[in-house]
Amino acid sequence: MSVRQPVIFCELSQTTNDLIEQYVEALRASAPSIGSHGMDEREFWQSGLFRAAIERLRGTQVATMREKHDFIRRIMDFLAKQNKITGWEFHGSGERHDYEVHINNYTCVIEAKGCLDGNNTTIFQRPPNADEFIIWSLCQNPGADPRHNAWSGIHTRLSAEIIHRKERVDGLIIWDMLCGTKGRICPKLTAQAERVTTIDALQVPPPCLYLFPRTIPDARNNPRPACWNIDDVKFLSIL
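Using the working numbering, you'd call the opening residue of the sequence shown number 2 and step up by one each time.
Following this line, the structure appears as structure tokens:
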């Protein structure tokens, strides 16, 4: 009997999960005594201040893309210095995609996403000038389950959108600033520590890369489309 491999080898470690749970309990216990609100414990919990503060912090964290853009910038600059790519540009402020990477006369278009288990994963548009179109997932939440996010993003969101909208996505990158840290231990580096790459002050593990179908799947006319090979998708091949 064959053993089914997980969609990604990363997983939320029990140690990290336990630390988060312990901190949550400590934060909840200390919350009424934090700040200068002047309320007693009963008034504090009735006021909704704690919930409002948590939602404010959560909204700020979700909205910011600074860390994600900084990570991608470091990767792109490194690849350019290595002469692996000709150049790159950020287009996120005015387009429906975030980055364009040039490999001589070949253009790879990249859309940056978060943890993949949200509806934002389904918002993308392949532009006409794309020789290849890649989704890049950067998850800032160390408490998120990588396996759930990868499964949810690929099987219930990206694949459904590709089929429904008949819009080809050539590949997926799952790789961010938490990969290889204590908060998200990388199995690749656990097995072979020498596979780390130093980029500026970062030490990054190899990325997780996924190849998608060459053509749009269709239940009746194209139920088993062939997938790209790694050499066919230039940016993924470079990574």
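Glycine residues also receive a C-beta, built at the ideal position from the N, C-alpha and C atoms.
I need the straight-line Cα distance from residue 74 to residue 41, nearest angstrom please.
When rounded, the distance between both Cα atoms is 47 angstroms.
Helix, strand or coil: how does DSSP classify residue 223 here?
Residue state, collapsed to three classes: strand.
When the Cα atoms are used, what is the spatial distance from residue 13 to residue 100?
Distance between the alpha carbons of residue 13 and residue 100: 29 angstroms.
Between the Cα of residue 205 and those of 224, 213, 183, 216, spot the shortest distance and give me the residue it belongs to.
For residue 205, the nearest C-alpha among the options comes from 183.
When we look at the beta-carbon of residue 211 and count the other beta-carbons within 10 Å, is it buried (16 or more) or exposed?
Classification for residue 211: buried.
By Cβ distance, which residues of its chain are closer than 6 angstroms to residue 164, with the 5 residues on each side in sequence left out?
Cβ neighbours of residue 164 beyond the five flanking positions: 218.
With DSSP collapsed to three states, give me the class of residue 164.
In the structure shown, residue 164 sits in a helix (DSSP, three-state: H, G or I).
Which one of 181, 86, 208 has the shortest CA to CA distance from residue 194?
Ranking the options by Cα distance to residue 194, first place goes to 181.
At what residues does the alpha helix (DSSP H) containing residue 239 begin and finish?
First-last of the alpha helix (DSSP H) with residue 239: 235-239.
Please confirm whether residue 114 and residue 137 have their CB atoms less than 8 angstroms apart.
Yes; because the gap between Cβ atoms is below 8 angstroms, this pair is in contact.
Is residue 103 near residue 87, with beta carbons less than 8 angstroms apart?
Contact flag set, yes.
In this structure, does DSSP put residue 153 in helix, strand or coil?
Residue state, collapsed to three classes: helix.
Distance check for residue 29 and residue 20, CA to CA, integer angstroms please.
Taking the straight line joining both Cα atoms gives about 14 angstroms.
Sort 230, 173, 202, 201 by Cα distance to residue 209 and report the nearest one.
Ranking 230, 173, 202, 201 by Cα distance to residue 209 puts 173 first.
So, helix, strand or coil for residue 25, using DSSP?
Residue state, collapsed to three classes: helix.
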